[in-house]
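*Asks:*
Numbering (the working numbering), first residue to last: 158 to 533.
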C-alpha cells in the first residue's frame with residue numbers, strides 16, 4: 158500500500174511573526190501545490206460559506222490566502238459550493254450568495270468570483286461516472302465544479318451529527334452534489350417517530366425540505382410520509398426529545414459509502430489539491446444556523462494531494478487531543494452511565510459513525526489511509 162504525504166503546521170504565531178493566512182500559504186507551497194499547472198486554467202475552490210447564524214465556518218481570510226497562491230501560479234480561481242437540500246439560507250443561488258456575502262465572502266474579500274456550482278435552483282448538474290462505484294454508478298455533480306480544469310478543496314474539519322465528522326470527503330462528496338445528488342446520497346432508510354416521546358412541537362417539520370413529515374392535528378403528533386421522505390436525517394438533529402430514530406441501522410454507513418463515491422466522481426482523473434483546517438471544531442456541521450462550544454482545541458492546518466489521507470490524518474489528530482471542558486463531548490463523558498466509545502466523534506454524537514466512509518474510500522481507490530505526516 159502506498160503512503161501519502163500530509164503536510165501540517167500548527168496555529169502558533171509568535172508576536173511580529175507570520176500571520177495565520179501567511180502560514181497557510183507557506184504550507185500549501187511546501188506541500189507542492191506549485192506542481193499543478195494552473196496557468197490560464199479555471200480553478201474551483203470548494204468550501205462551505207456557512208449557514209446564517211453560524212460563526213464557526215472558515216473565515217474569508219483563509220480563502221483569500223488560497224486564492225492568492227492560485228493567482229500567483231497563473232490560475233483563474235473561483236470559490237464555489239452547491240445548494241442545500243434542506244430549508245435555510247442556501248437552498249438557491251440567490252439566497253446562497255446573499256448568505257455568503259453576509260458571512261464575509263465577496264469578490265473583494267475573497268479576491269475572486271463566487272459561483273454556486275449547481276445553478277440557480279440546484280438543477281444545473283452533470284452525470285459523472287463513478288469508477289468502481291458499488292452504490293452510485295453516476296453521480297450528480299454541480300456543472301460549474303466539473304467544468305473547472307483544477308479542483309481544490311478548502312475544508313473546515315468539525316463534528317457532524319450523522320457522519321461523525323465533516324472533513325474533506327464530506328466537503329467534496331456531499332458539498333459538490335447538486336440538490337438531486339444530495340437527495341441520492343441521503344436516501345437510505347427512513348425515520349420513525351415514537352408517539353410516546355413526540356411532544357408535537359413541530360421543530361422537526363421546520364427542518365424538512367421534502368414534505369416528508371405530516372402533523373396529525375387530532376393526535377398532536379408528528380408522522381412520517383414515506384412517499385416524500387428522503388432520509389436526510391435533518392429531523393433527527395432537530396428533535397430535542399429523542400422521539401426520532403432511523404428504521405434502517407445501516408443508513409449512516411450507506412450515506413458514508415455514497416459520499417465517498419461522490420467524492421471519487423469529483424476528483425477522479427483531474428488535477429487536485431486538498432486543505433483542511435482543524436479549528437473551531439463544533440460538534441455539528443456548519444450547515445446549522447448556530448454553533449456550539451468546540452469539542453476539541455484548535456489543532457492545525459493540513460494539506461495533501463490525497464483527500465483520504467488528509468481526512469485520516471485530521472481524524473487521528475483529533476482522537477489524540479483532549480476534549481475541551483464545557484463542550485458537548487465533555488458533558489457526555491461526564492454523564493453517569495454514559496458508554497465511552499473511546500472515540501471523540503462517536504462520544505460527542507453516539508448516533509454517528511465515520512470509519513465506514515474512510516474504509517470504503519480506500520476500497521474504491523480514492524486514496525490511502527496510510528500517510529506520512531510532515532510538520533513544517
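Ideal Cβ positions, reconstructed from N, Cα and C, are used throughout, including at glycine.
On a predicted model such as this, the values are computed, not experimentally measured, just so you know.
Bridge partners of residue 433, per DSSP?
*Replies:* Per DSSP, 312, 459.
*Asks:* Return the Cβ separation of residue 236 and residue 204 in integer angstroms, given the expectation that the two are a contact with Cβ distance under 8 Å.
*Replies:* Indeed they touch by this definition, with Cβ atoms about 6 Å apart.
*Asks:* Note down the Cα distance separating residue 326 from residue 464, rounded to an integer number of angstroms.
*Replies:* Each residue's alpha carbon lies about 7 Å from the other.
*Asks:* Which of helix, strand or coil does DSSP assign to residue 204?
*Replies:* Here residue 204 sits in coil by DSSP.
*Asks:* Going by C-alpha distance, which of 317, 507, 411 is nearest residue 517?
*Replies:* Checked all of 317, 507, 411; the closest Cα to residue 517 is 411.
*Asks:* Quick one: what's got a C-beta closer than 8 Å to residue 452's C-beta in the same chain, skipping five residues either side?
*Replies:* Here the set comprises 316, 438, 439, 440, 480, 481, 484, 485, 486, 487, 501, 505.
*Asks:* With a floor of 3 residues, list each beta strand (DSSP E) that falls wholly inside the stretch 264 to 298, ordered by position along the chain.
*Replies:* Runs of the beta strand (DSSP E) inside the stretch 264 to 298: 271 to 273, 282 to 286.
*Asks:* Are residue 335 and residue 297 closer than 8 Å when you measure CB to CB?
*Replies:* Going by C-beta atoms, residue 335 is nearer than 8 Å to residue 297.
*Asks:* Over what stretch of residues does the beta strand (DSSP E) that includes residue 371 continue unbroken?
*Replies:* Looking at the DSSP string, the run of the beta strand (DSSP E) that includes residue 371 is 370 to 373.
*Asks:* DSSP state of residue 226, grouped into three classes?
*Replies:* Three-state DSSP puts residue 226 in a helix.
*Asks:* Relative to the alpha-carbon of residue 346, which residue among 401, 375, 289, 299 has its alpha-carbon at the smallest distance?
*Replies:* If we check each option's Cα against that of residue 346, 401 comes out closest.
*Asks:* Which runs of the beta strand (DSSP E), 3 residues or longer, sit entirely within the stretch 387 to 421?
*Replies:* Runs of the beta strand (DSSP E) inside the stretch 387 to 421: 401 to 403.
*Asks:* Expressed to the nearest angstrom, what Euclidean distance is found between the alpha-carbon atoms of residue 386 and residue 372?
*Replies:* Their Cα atoms are separated by approximately 14 Å.
*Asks:* Taking the Cβ atom as the reference point for each residue, do residue 222 and residue 182 lie within a distance shorter than 8 Å?
*Replies:* Yes. Within cutoff.
*Asks:* Taking the beta carbon of residue 586 as the centre, do at least 16 other beta carbons fall within 10 Å, making it buried, or is it exposed?
*Replies:* Limits of the chain in this structure are 158 at one end and 533 at the other, which puts residue 586 out of reach.
*Asks:* Please determine if the stretch 447 to 462 and the stretch 428 to 436 are in contact, where contact requires at least 3 C-beta pairs separated by less than 8 Å.
*Replies:* As far as the Cβ criterion goes, the stretch 447 to 462 touches the stretch 428 to 436, which means the pair count is three or higher.
*Asks:* Return the residue from the list 277, 288, 243, 286 that minimises the CA-CA distance to residue 301.
*Replies:* Closest by alpha carbon: 277.
*Asks:* Helix or strand or just coil, what does DSSP make of residue 161?
*Replies:* In this structure, residue 161 counts as strand in the three-state DSSP scheme.
*Asks:* Since I believe residue 521 is in contact with residue 418 (beta carbons under 8 Å), could you give me their beta-carbon distance rounded to a whole number of angstroms?
*Replies:* At roughly 6 Å, the Cβ-Cβ gap stays under 8 Å, so residue 418 and residue 521 are in contact.
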